[in-house]
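Taking it in order: structure first as structure tokens, then the write-up.
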Amino acid sequence: MSDRRGGYGFDAPLALSGLTFGALVLLALSAASFAADIPLAGVAFLLGGLYTLASATSYLYTTRWGKFVVWEGELARLNGGERVLDLGCGRGAVLLLAARRLVAGGSATGIDLWRSVDQSGNDEAVTRANAEAEGVADRVELVTGDLRELPFEDASYDVVVSSLAIHNIPRSEDRAQAVREAHRVLRPGGLMLVADFQHTPAYEETLRELGVVDVRRRDLGWRFWYGGPWFRTVMLEARKPSG
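One point on numbering: in the working numbering, the residue at position 115 of the sequence shown is 1199, and numbering is uninterrupted.
This is how it looks when you write it as structure tokens:
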């Protein structure tokens, strides 16, 4: 999505700041060690600094570019007339990608609690401004609400998506409740796409307990690494049974 016109901030900005600061500290210690003629320490700090800098670069790439490329590919399957719900939409990165693929009759709804700790500058007004900038405000609705108690009717949406949101719910039972709510509002035969780097096996287990059999998890690759393969993102894809 090289032509995106909104401002989408940084995911978990404290984590990115920590990686960047850590890299700078290690590189400074390396320089100080070489200056003090302690070459072994200098090499160790240098390798640590370069490793941490590479992690920060990976994180920055994912939050600013990579995740958009991945989600654009995931959403290419939309035919344009769907009702789409984005759980934890933040500033609208995924929500507005979906909205840009919709035509007359399609709509995209985003729900969030608008917490800036999860995404820099996370605010409903910012997301609304992004929708205007992308030219999709006429097909986007924003709702303030809790993923554990969605304010929508059963079977209201054709597609439910979520990107790095459900893991922010602290308790496992509450995360399971959010997955159950996502299943509830999804129409029979509808598609669920949940990208996360934690807890996806538990999300799958919850869906299977609800009778979903068409469900799988897959690695989204290096474009969705938050620092490296140890923070890789997994896509949970499921179809709600039609019967």
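Where a beta carbon is used, it is the ideal one built from N, C-alpha and C, also for glycine.
Given the structure is predicted, the values throughout are model-derived calculations rather than measurements.
- Per DSSP, residue 1117 is one residue of the alpha helix (DSSP H) stretching across 1097-1119.
- When secondary structure is reduced to three states using DSSP, residue 1313 falls in the helix class.
- Residues 1178, 1181 of the same chain have their beta carbon placed closer than 6 angstroms to that of residue 1155, with the five preceding and five following residues left out of the count.
- Under the three-state reduction of DSSP output, residue 1195 falls in the strand class.
- When secondary structure is reduced to three states using DSSP, residue 1142 falls in the helix class.
- By the criterion of a C-beta distance shorter than 7 angstroms, residue 1208 is surrounded in its chain by 1198, 1226, 1228, once the five residues flanking it on both sides are discounted.
- In the DSSP secondary-structure assignment, residue 1301 is bridged to 1320.
- Within its own chain, the residues whose Cβ lies closer than 6 angstroms to the Cβ of residue 1296, once the five positions on either side in sequence are excluded, are 1322, listed in chain order.
- Residue 1167 has 1191 as its beta-bridge partners, per DSSP.
- Burial check for residue 1131: the Cβ neighbour count within 10 Å stays below 16, so the residue is exposed.
- Per DSSP, residue 1180 has no beta bridge partner at all.
- Looking at 1193, 1161, 1103, 1146, the one whose alpha-carbon comes closest to that of residue 1133 is 1103.
- Counting along the chain, the unbroken beta strand (DSSP E) around residue 1271 starts and ends at 1270-1280.
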